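Comments concern the structure below.
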Amino acid sequence: MKKLNVGMIGGGFMGKAHSNAWANAKRFFHLDAEPVMKVICDNNEPAAKQYAATWGWEATETDWRKLVAQKDIDIIDICVPTDLHRDIAVAAAMAGKHVFCEKPIALSVEQAKAMYDAAEKTGVVHYLNHNYRRCPAVRLAKRLIEEGKIGRIFHWRGAYLQDWIVDPQFPLVWQLRQERAGAGPHFDLNSHSVDLARYLVGEITTVVAMMTNFIGERPVAEVGGPTAFSAKTAQKKKDKVTVEDAAFMVVGFENGALGSFDATRFAPGRKNYNYFEIYGSKGSLAFNFERMNELEVFSRDDPAYAQGFKTILATESSHQYVASWWPPGHIIGYEHEFHHAVVDFIHAITKGEKIEPNFHDGMKAMQVLEGAMESAKTGRRVIFA
Ligand code: SOE
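Per our numbering, residue 339 is the first one in the sequence shown, and the count goes up by one each step.
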């Protein structure tokens, strides 16, 4: 079987989800080419070695430029903070490597465009990992919309809520620094919701937004220390938080629908509450990632006496991706979405097809996110040409 050598950059939380998927996708799905876990790159050498030992990467590297220049690498997988995405993705595409990149795409529309242009110019496959598109229940939502079961869409109501920085002592991790992350939950979480909204409802043409910061200063994080969700190694010295803590948007879609988006890391009790509702002329849909195997569906076509939201457990073999896993009712989890992404990415390479979301989708979503930041700053509505 043809082999595709993978070089992954970044060994954190996302690197773990990706490593697991690169290792196991071939065991559950039929692939025309086998991904080979060739090199893990992390600027912390002992961490890279540990990662390689745990996950089965064949070799380690500490300089991403050397990895990108390596002739035997076919795929570059980017799992590092957002400020590094553009340079790595452009260099990888120019070297003819297919690019699998974590979200959000980059720090700006300009950077996203550079990534898209480079990938299109060299003809490599480019993929932006908004993993939630690859939940079977989200695929079911898409199918019901495409089959006309929801009718004309009136509303998108989205929320992505977490609570891992409510404690003012939580350290200033890179996600709270504008120069590294670009923005706070607006880029981290709203980027996912905008991706889902574009996928399920359509293109966004106008935005109004409000953003705020609740905790202005935080203890400086130790180098190589804590990252998202872990708060143990804070120092006494404090520094400024340079991103927003919450970002709310109202948008208009090209098809006339109206949408709202709430993104915050200040919702106690909400751990990874990635939620949306879609209301249409024939029915409604509701999805909550913390119940990711389920989709709530309301149909106005049901007789009045039997109308009500029903919960579909999307674990039948007729639901996308499910047949390769377990029998009905044997639910899947967060990590499975990453496997689905790897499978579709390998298929895109072997069949010479495009995969979505890609850098074009990332660029369009970034236009909405950037527009919202401008709106929050000026107090005015932003309309996209
Ligand atoms: C942290 O907020 C984070 O890991 C996001 O960056 C991911 O995209 C999301 O899936 C879970 O939360």
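We treat Cβ as the ideally placed atom computed from N, Cα and C, and that holds for glycine.
Treat the numbers as computed from the prediction; the structure is a model and nothing was measured.
Whole-number beta carbon distance between residue j and residue i, since they are thought to touch under 8 Å
{"i": "Asn343", "j": "Asp412", "result": "5 Å"}
{"i": "Val588", "j": "Leu482", "result": "With a Cβ gap of about 25 Å, Val588 and Leu482 do not count as contacting."}
{"i": "Ala429", "j": "Arg536", "result": "Not confirmed; about 28 Å, so no contact."}
{"i": "Phe586", "j": "Val504", "result": "Phe586 to Val504, Cβ: 18 Å. No contact."}
{"i": "Ala601", "j": "Tyr498", "result": "5 Å"}
{"i": "Gly590", "j": "Thr543", "result": "6 Å"}
{"i": "Leu405", "j": "Asp421", "result": "In fact, because the Cβ distance is near 18 Å, the residues do not count as touching under 8 Å."}
{"i": "Val660", "j": "Phe367", "result": "Between Phe367 and Val660 the Cβ distance is about 12 Å, and since that is not below 8 Å, they are no contact."}
{"i": "Phe683", "j": "Tyr465", "result": "5 Å"}
{"i": "Lys340", "j": "Lys487", "result": "Wrong, their Cβ atoms sit about 40 Å apart, outside the cutoff."}
{"i": "Ser529", "j": "Lys409", "result": "33 Å between Cβ atoms; not a contact."}
{"i": "Ala457", "j": "Ala475", "result": "Contact doesn't hold; Cβ gap of about 30 Å is too wide."}
Span separating the alpha-carbon of residue i from that of residue j
{"i": "Trp663", "j": "Ile426", "result": "33 Å"}
{"i": "Lys480", "j": "Lys576", "result": "46 Å"}
{"i": "Glu396", "j": "Val463", "result": "24 Å"}
{"i": "Arg518", "j": "His677", "result": "27 Å"}
{"i": "Asn551", "j": "Gln500", "result": "15 Å"}
{"i": "Ala723", "j": "Ala433", "result": "33 Å"}
{"i": "Ser655", "j": "Lys648", "result": "19 Å"}
{"i": "Lys459", "j": "Arg403", "result": "20 Å"}
{"i": "Gly597", "j": "His493", "result": "6 Å"}
{"i": "Phe697", "j": "Val558", "result": "33 Å"}
{"i": "Thr688", "j": "Asn381", "result": "31 Å"}
{"i": "Ala642", "j": "Met630", "result": "28 Å"}
{"i": "Met549", "j": "Leu534", "result": "21 Å"}
{"i": "Arg379", "j": "Asp415", "result": "Arg is not the amino acid found at residue 379; the sequence shown has Cys there. Those two C-alpha atoms are separated by around 10 Å."}
{"i": "Ser713", "j": "Ala521", "result": "14 Å"}
{"i": "Met346", "j": "Ala386", "result": "11 Å"}
{"i": "Gly607", "j": "His468", "result": "23 Å"}
{"i": "Ala547", "j": "Gly540", "result": "19 Å"}
{"i": "Leu538", "j": "Pro373", "result": "30 Å"}
{"i": "Val511", "j": "Arg424", "result": "21 Å"}
{"i": "Leu707", "j": "Arg719", "result": "13 Å"}
{"i": "Tyr611", "j": "Glu628", "result": "6 Å"}
{"i": "Ile616", "j": "Thr400", "result": "45 Å"}
{"i": "Ala566", "j": "Lys715", "result": "26 Å"}
{"i": "Leu651", "j": "Arg556", "result": "42 Å"}
{"i": "Val579", "j": "Arg515", "result": "6 Å"}
{"i": "His436", "j": "Glu560", "result": "34 Å"}
{"i": "Pro364", "j": "Ala686", "result": "In the sequence as presented, Pro is not what sits at residue 364; that position holds Lys. Taking the straight line joining both Cα atoms gives about 15 Å."}
{"i": "Gly618", "j": "Cys473", "result": "22 Å"}
{"i": "Pro523", "j": "Val545", "result": "17 Å"}
{"i": "Gly709", "j": "Ser637", "result": "35 Å"}
{"i": "Glu484", "j": "Leu623", "result": "13 Å"}
{"i": "Lys692", "j": "Asp455", "result": "15 Å"}
Near the ligand SOE: residue i beta-carbon under 6 Å from a heavy atom
{"i": "Asp526", "result": "yes"}
{"i": "Ala585", "result": "no"}
{"i": "Ala535", "result": "no"}
{"i": "Ala566", "result": "yes"}
Nearest neighbour of residue i, chosen from the options [CA to CA]
{"i": "Ala450", "options": "Asp699, Ala714, Arg719 and Ala710", "result": "Asp699"}
{"i": "Phe625", "options": "Lys341, Tyr470, Pro509 and Pro419", "result": "Tyr470"}
{"i": "Gly554", "options": "Met352, Asp401, Val660 and Val581", "result": "Val581"}
{"i": "Trp393", "options": "Val377, Thr400 and Glu383", "result": "Val377"}
{"i": "Val418", "options": "Gln408, Val539, Gly717 and Cys439", "result": "Cys439"}
{"i": "Leu527", "options": "His674, Tyr613, Glu632 and Lys435", "result": "Tyr613"}
{"i": "Ala452", "options": "Lys340, Lys409 and Met701", "result": "Met701"}
{"i": "Glu675", "options": "Ile650, Phe525 and Trp360", "result": "Trp360"}
{"i": "Gln705", "options": "Leu478, Gly667, Ile443 and Thr716", "result": "Ile443"}
{"i": "Gly353", "options": "Gln388, Glu448, Ala475 and Ile670", "result": "Gln388"}
{"i": "Arg477", "options": "Gly717, Asn593, Glu694 and Gln513", "result": "Glu694"}
{"i": "Val532", "options": "Ile670, Pro665 and Arg495", "result": "Arg495"}
Three-state secondary structure (DSSP) of residue i
{"i": "Glu675", "result": "helix"}
{"i": "Thr398", "result": "strand"}
{"i": "Val462", "result": "coil"}
{"i": "Glu712", "result": "helix"}
{"i": "Ile378", "result": "strand"}
{"i": "Asp600", "result": "strand"}
{"i": "Leu482", "result": "helix"}
{"i": "Ser622", "result": "strand"}
{"i": "Glu694", "result": "coil"}
{"i": "Asn612", "result": "strand"}
{"i": "Asn467", "result": "strand"}
{"i": "Asp415", "result": "strand"}
{"i": "Pro474", "result": "helix"}
{"i": "Leu527", "result": "coil"}
{"i": "Ile443", "result": "coil"}
{"i": "Trp494", "result": "strand"}
{"i": "Thr544", "result": "strand"}
{"i": "Ser357", "result": "helix"}
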